[in-house]
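Protein sequence lines, in the order shown, are assigned to chains A and B.
Throughout the first sequence, residue numbering follows our numbering, covering 14 to 249 in sequence.
Throughout the second sequence, residue numbering follows our numbering, covering 146 to 578 in sequence.
Cβ atoms here follow ideal geometry from the backbone N, Cα and C, with glycine treated the same way.
All values reported here derive from a predicted model rather than from experimental measurement.
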Amino acid sequence: MSAVVGELEGGSRSAPEAVRLSAVTGVGELEELVRRSQRGDRVAFAELFRRHRSDVARLVFRMLGPSADAEDVVQEVFLQVHKSLGEFRGQAKFTTWLHRVTVNVVLMVRRAARSRPVFSGEPLADHEPDRRLLPDEDAARRQRLAAFRKLLDRLPEKKRTVFVLHELEGMAPADISEIVDAPVLTVRTRLFYARRELAEMMREEPTLSQLAEELCGSSEPQGSPAEGRLVGTEAT
Amino acid sequence: MSDTPDQARALRFMVEEMRAEPTPDIAWDDLEQKLLSRIARNEEPRYVPRASAPSSFARVASFAVAAAVLALGIGLGGMSGDRRAAMGETPDTARAVTPVAIESVALAGGEAGVRGDHDLLALRVGDAIETGAEPATFVQAGSVRWTLAPSSRAIIRARGVGGVGHVVALERGSIQAEVTPRDPSEGLVEAFAVEAGGTRVAVHGTLFSVTLAANEVVVDVEHGAVAVGPVGHVGMTTGHLLVGPARASFSLDGGRLARRLSRWGHPTPQARATAMPVAALDAPASPAADDAVRGEADESAATPAHPSRQVAVSAPVAAHPAAAPGQAPAAEPAVEAPVAPAVPPAPQFLTESVIRSELAQCFRQTHPAGVSEAVKSASWTFVLSVRADGSIQSGKFDPPADNDFTNCAGKLLGRSFESGPARKVIVSVSFGK
Numbered sequence: 014m015s016a017v018v019g020e021l022e023g024g025s026r027s028a029p030e031a032v033r034l035s036a037v038t039g040v041g042e043l044e045e046l047v048r049r050s051q052r053g054d055r056v057a058f059a060e061l062f063r064r065h066r067s068d069v070a071r072l073v074f075r076m077l078g079p080s081a082d083a084e085d086v087v088q089e090v091f092l093q094v095h096k097s098l099g100e101f102r103g104q105a106k107f108t109t110w111l112h113r114v115t116v117n118v119v120l121m122v123r124r125a126a127r128s129r130p131v132f133s134g135e136p137l138a139d140h141e142p143d144r145r146l147l148p149d150e151d152a153a154r155r156q157r158l159a160a161f162r163k164l165l166d167r168l169p170e171k172k173r174t175v176f177v178l179h180e181l182e183g184m185a186p187a188d189i190s191e192i193v194d195a196p197v198l199t200v201r202t203r204l205f206y207a208r209r210e211l212a213e214m215m216r217e218e219p220t221l222s223q224l225a226e227e228l229c230g231s232s233e234p235q236g237s238p239a240e241g242r243l244v245g246t247e248a249t
Numbered sequence: 146m147s148d149t150p151d152q153a154r155a156l157r158f159m160v161e162e163m164r165a166e167p168t169p170d171i172a173w174d175d176l177e178q179k180l181l182s183r184i185a186r187n188e189e190p191r192y193v194p195r196a197s198a199p200s201s202f203a204r205v206a207s208f209a210v211a212a213a214v215l216a217l218g219i220g221l222g223g224m225s226g227d228r229r230a231a232m233g234e235t236p237d238t239a240r241a242v243t244p245v246a247i248e249s250v251a252l253a254g255g256e257a258g259v260r261g262d263h264d265l266l267a268l269r270v271g272d273a274i275e276t277g278a279e280p281a282t283f284v285q286a287g288s289v290r291w292t293l294a295p296s297s298r299a300i301i302r303a304r305g306v307g308g309v310g311h312v313v314a315l316e317r318g319s320i321q322a323e324v325t326p327r328d329p330s331e332g333l334v335e336a337f338a339v340e341a342g343g344t345r346v347a348v349h350g351t352l353f354s355v356t357l358a359a360n361e362v363v364v365d366v367e368h369g370a371v372a373v374g375p376v377g378h379v380g381m382t383t384g385h386l387l388v389g390p391a392r393a394s395f396s397l398d399g400g401r402l403a404r405r406l407s408r409w410g411h412p413t414p415q416a417r418a419t420a421m422p423v424a425a426l427d428a429p430a431s432p433a434a435d436d437a438v439r440g441e442a443d444e445s446a447a448t449p450a451h452p453s454r455q456v457a458v459s460a461p462v463a464a465h466p467a468a469a470p471g472q473a474p475a476a477e478p479a480v481e482a483p484v485a486p487a488v489p490p491a492p493q494f495l496t497e498s499v500i501r502s503e504l505a506q507c508f509r510q511t512h513p514a515g516v517s518e519a520v521k522s523a524s525w526t527f528v529l530s531v532r533a534d535g536s537i538q539s540g541k542f543d544p545p546a547d548n549d550f551t552n553c554a555g556k557l558l559g560r561s562f563e564s565g566p567a568r569k570v571i572v573s574v575s576f577g578k
């Protein structure tokens, strides 16, 4: 097991940063925490929770979007972790196992949300225009993100999961293959098609269709992140 | 990354924007407290309430029950013990397991499930559950909800992760389960399975019940599909596919013998006359396949342990009067269950009068008559979207109704009805008092 333990509070760091920051704590310390938690040591489990809660929250948020009740889902993830910790034998990295539990809980929540009847007395939130006054650039960015999330939601669940884990969480296909229980080649294939389908959908989405042209004229468009990192092209 | 460099750049740009988006603030201290208190609740010591001294009749009755359980145990152990041992499972440890006090796994207020339900995740592998005169319902929110009928006994064989992989061994009586339908893109994921003797009933998302009888298991599928085959093929049960609404009985040796029954307990005329057609297990279930038991495709000549590809049809049983519509169905004549199973009621038809009646009830509840002499009245157009499986997709009031009334309507109407084509039901309602 490699040294993947450390966690910084505040979920805004990017995935590459997460990888760099992960070697803060020794492997042995994490294993010891896991062992103690498996024996029922609540203090150790609370420490595990504190160390990994931001990672879990970030993944939950990225998979479910801002409308979901992230706190409940994070709580459900750690409840599930506590219940299943006895079955963790250390064959995989703890963080990989934790991500696997998180992904499963999130998928369960999404399934439940899909099958739950929606009784509404008012127009759905999706159709509510955002009447808050925002600076133009921020408003444009929010619109783009909302539109992109909708496209992401239209991807089939398996492709969507792989895309989020790789592109947003920065995980390697080998780790993802353990999380989603599929061969690495399958992960790469899903990733390839997820990107292609997203790009096609972006072309037809009014809010995003102009983006390619706008970016064409400027290598550093307004409102973009400070540094344009290359995102996971090695996977295909 | 994608078709053209421009598109690739646009996609990369959006990915970067999403990565740069901060996670919403979470009240970590509160969350930690809630989490640890839930964990503490789940870890409370389990106990079996000490029973009062039994009367002489009760002693005789309990001896008879014990003998029946023992006989059942010997029968089941002979059939499935070798297979379970090969899988590394403890052979029939259930009989040595102390039953869990059902009260100790009750859901706390505010958790998913209805009042009186129990938290499925609070159970552990090997836990035995025995019901007395009352049924017990276990729930994992968003995944599965199952009810152990009165005077039944079950053992938790496996506890799933992320809502997948729950396995319950039915030792006596009957289980009714409702499994949340899964996304078709996930393929055939076994969310929940019931093992009865050497037979495994695996579910992908459906409403069904399993009843263990003397030497067979009766499976009644309200909607959806279940796979029935030998135990031991965890996650990929192979054998027969029962597409609801349908009812069939299977032998306890992995379902080698199967016969189709009418929903009220008789073998159907077709079942008496012919052997069932062979069909691939993973063939898409079509509505036309209703009331059919399909065998697995014959692709495994090297696996003689698998059940026969053809469904053997047993001799017809004695005629049995059908239950009147709306009446509880009569007990299965060919099956002598030690305890009368709780057969689930047939789904209700969704009619305008049902909707009006439920909405009227909600109006009475949420707008009680007070001392005021003011006249309250309201009119809405209510649009209800119904899926093909009979479950409700959405309901909407025009003009919008108040929250209490809307929530009440959601509770009363947000259930499954008789399956049929996906449809919208539009009803105009007016209430006043």
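Say whether chain A places a C-beta atom closer than 9 Å to the C-beta of residue i.
i	result
B:V574	no
B:F395	no
B:E162	yes
B:R304	yes
B:I171	yes
B:F562	no
B:N360	no
B:I571	no
Under 9 Å between beta-carbons, which chain A residues line up against residue i? List them in chain order, please.
i	result
B:S182	The premise fails here: B:S182 is roughly 11 Å from chain A at the closest Cβ pair, so nothing lies under 9 Å.
B:L266	L92, Q93 and K96
Listing by chain order, which chain B residues have their CB less than 8 Å from the CB of residue i?
i	result
A:L221	A155 and M159
A:L224	A155, F158 and M159
A:Q88	L176, K179, L180 and R183
A:M76	Under the 8 Å cutoff, chain B gives no residues; its nearest Cβ is about 11 Å from A:M76.
A:L181	V160, M163 and R164
A:F161	M159, E162 and M163
A:L228	D151, R154, A155 and F158
Going along chain A in order, which residues have a C-beta closer than 7 Å to the C-beta of residue i?
i	result
B:P566	The premise fails here: B:P566 is roughly 18 Å from chain A at the closest Cβ pair, so nothing lies under 7 Å.
For residue i, which residues does DSSP report across the bridge?
i	result
B:F542	B:F527
B:A283	Correcting the residue type first, residue 283 of chain B is Phe in the shown sequence and not Ala. B:F283 is bridged to B:H263 and B:W291.
B:Q321	B:T292 and B:S354
B:E340	B:A314 and B:R345
B:A303	B:V312
B:D365	B:S354 and B:R392
B:A372	B:A347 and B:L386
B:F576	B:A523
B:I537	B:V531
B:I571	B:V528
B:E275	B:R298
Give a yes or no on whether the minimum CB-CB distance between residue i and chain B is below 9 Å.
i	result
A:H95	yes
A:E191	no
A:R66	yes
A:F107	no
A:M121	yes
A:R208	yes
A:L111	no
A:A83	yes
A:R154	yes
A:R167	no
A:R52	no
A:R48	no
A:R55	yes
A:R102	no
A:R63	yes
Chain E partners of residue i, CB-CB under 7 Å?
i	result
A:E217	Of the protein chains in the structure, A and B, none is chain E.
Applying a beta-carbon distance threshold of less than 9 Å, which residues of chain B neighbour residue i?
i	result
A:R71	T168
A:L198	The contacting residues do not exist; A:L198 stays about 17 Å from chain B at best.
Can you pull the chain A neighbours of residue i, defined as C-beta to C-beta under 8 Å?
i	result
B:A286	A125
Cβ of residue i within 8 Å of any heavy atom in the ligand COA?
i	result
A:I192	Absence of the ligand COA is noted for the structure shown, with no ligands found whatsoever.
At 7 Å on the CB atoms, spell out the chain B contacts of residue i, in chain order.
i	result
A:E60	Under the 7 Å cutoff, chain B gives no residues; its nearest Cβ is about 11 Å from A:E60.
A:P79	P169
A:L158	E162, M163 and E166
Quick test of your reading: residue i and residue j, contact by CB under 8 Å. State the CB separation rounded to the nearest angstrom.
i	j	result
A:V114	A:V73	Actually they are not in contact, since the Cβ atoms of A:V114 and A:V73 sit about 11 Å apart, beyond 8 Å.
Continuous beta strand (DSSP E) assignments of at least 3 residues falling wholly in the stretch 181-206 of chain A
none
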